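Please read the structure below before turning to the comments.
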Amino acid sequence: MLKIEIITVIPCYNEEEAIKEVVNQALRYSDVLVIDDGSTDHTSKLAVEAGAGIIKHHNNLGKGAAIKTGLKKILNSDYRIIILMDGDGQHNPDCIPIIVSGIGKAKIIIGSRFINGTQPGMTIMRRLSNKLTTINLKSITGYHITDSQSGFRALSSDVAQYFINIPYNDYVYESELIYQASKNNVTIEEKPIPCSYNNEKSYITWINILNYTLFLIKLPLRELKWKIDHLINFTFFF
463 MLKIEIITVI PCYNEEEAIK EVVNQALRYS DVLVIDDGST DHTSKLAVEA
513 GAGIIKHHNN LGKGAAIKTG LKKILNSDYR IIILMDGDGQ HNPDCIPIIV
563 SGIGKAKIII GSRFINGTQP GMTIMRRLSN KLTTINLKSI TGYHITDSQS
613 GFRALSSDVA QYFINIPYND YVYESELIYQ ASKNNVTIEE KPIPCSYNNE
663 KSYITWINIL NYTLFLIKLP LRELKWKIDH LINFTFFF
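With the first letter of the sequence shown counted as 1, position 138 gets the number 600 in my numbering; the numbers rise by one all the way through.
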């Protein structure tokens, strides 16, 4: 796969400590587009200095909103693969070839932190949240996944259209993307990746936690409604 066919989209907020190094490393494998989600520090300036393209939100809209901005920007471009990764240094850009290698057999590759065991430094709350969400999504979608909340992913550009109108703007977006993929018959597989939590900064608020809780409660109900509607339409057709 040619480097010019791949672009890495990095949604970030106040990541001046890590963004320059993340961009420098990612540029070894792809073009880079940073979505600065309303940062109040020098994130944008440092990203540009490192060689990234930049789109800046005037206000902090949320990680999901930043990802959607990036996908919409490149939707009709010549890129064949879109990498999504965080800008805080938790993800190792040297793993880009690993997740890119799975595109073709599947349309989405999730970089899983759990295939080779739990990552050192991951908090209990983060593990619990991921576990509950992953179990829920596995049972509903049928995907054999271990890490539904991983922000390190590769998407074939021809399926990006399914994810630009997801209504969630916060962290729920990444889990909803998996559900929407299932509704559009998009194949998903995983590749093992490491993850570093040495300099972790959490911007998760009680509102984010509430939104995630509501998402988990509503998801089975949405799936039930979808099945009923699908059955009614099928019956009406015949």
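Just so you know, even glycine gets a beta-carbon here, dropped at the ideal spot from N, CA and C.
Bear in mind the structure is a predicted one, so any value in this text is a computation, not a measurement.
### Task
Please report the Cβ distance between Pro555 and Gln487, rounded to the nearest whole angstrom; I am assuming they are in contact, meaning their Cβ atoms lie under 8 Å.
With a Cβ gap of about 4 Å, Pro555 and Gln487 count as contacting.
### Query
Would you say the stretch 611-629 touches the stretch 520-538, given that touching needs at least three Cβ pairs under 8 Å?
yes
### Query
From which residue to which residue does the beta strand (DSSP E) around Leu546 run?
Ile543 to Leu546
### Opening and closing residue of the alpha helix (DSSP H) in which Val471 lies
Val471 -> not in any alpha helix (DSSP H); beta strand (DSSP E) instead, spanning Ile468 to Cys474.
### Task
Identify which residue in Asp498, Glu511, Gly500 and Pro629 has its Cα closest to the Cα of Glu483.
Cα-wise, what sits closest to Glu483 is Glu511.
### Query
DSSP beta-bridge partners for His519?
Asp499
### Task
Could you tell me which residues DSSP pairs with Leu676 in its beta bridges?
None; Leu676 has no bridge partner.
### Query
To the nearest angstrom, how far is it from the Cα of Asp578 to the Cα of Met547?
The identity of residue 578 in the sequence shown is Asn, whereas the question assumes Asp. Going from the Cα of Asn578 to the Cα of Met547 covers about 20 Å.
### Task
Note down the Cα distance separating Arg542 from Val471, rounded to an integer number of angstroms.
13 Å
### Message
How far does the alpha helix (DSSP H) with Arg588 in it extend, from its first residue to its last?
### Response
Ile586 to Thr603
### Task
Look at the alpha carbon of Ser492 and the alpha carbon of Asp691, and state the distance between them as a whole number of angstroms.
42 Å
### Query
Between the beta-carbon of Ile570 and the beta-carbon of Arg615, is there less than 8 Å?
yes
### Message
Quick check: does the Cβ of Gln623 come within less than 7 Å of any heavy atom belonging to the ligand SAM?
### Response
By its list of ligands, the structure shown contains no ligand whatsoever, and the ligand SAM lies outside what it can speak to.
### Query
What is the rounded straight-line gap between the Cα of Asp503 and the Cα of Asn647?
41 Å
### Message
Whole angstroms are fine: how far does the CA of Ile544 sit from the CA of Trp688?
### Response
29 Å
#### Entry: Alpha-carbon to alpha-carbon, Leu495 and Leu681
Those two C-alpha atoms are separated by around 32 Å.
### Query
Is it true that the CB of Ile469 sits closer than 8 Å to the CB of Asp436?
Only positions 463 to 700 of the chain appear in the structure, and residue 436 is not among them; the question remains open.
### Query
Taking Cβ positions, are Arg588 and Asp609 nearer each other than 8 Å?
no
### Simplified DSSP assignment, three categories, for Arg684
helix
### Task
Identify whether Cys510 lies in helix, strand or coil by the three-state DSSP scheme.
Reading the sequence as shown, one finds Val at residue 510 and not Cys. The answer is helix: DSSP assigns Val510 an H, G or I state.
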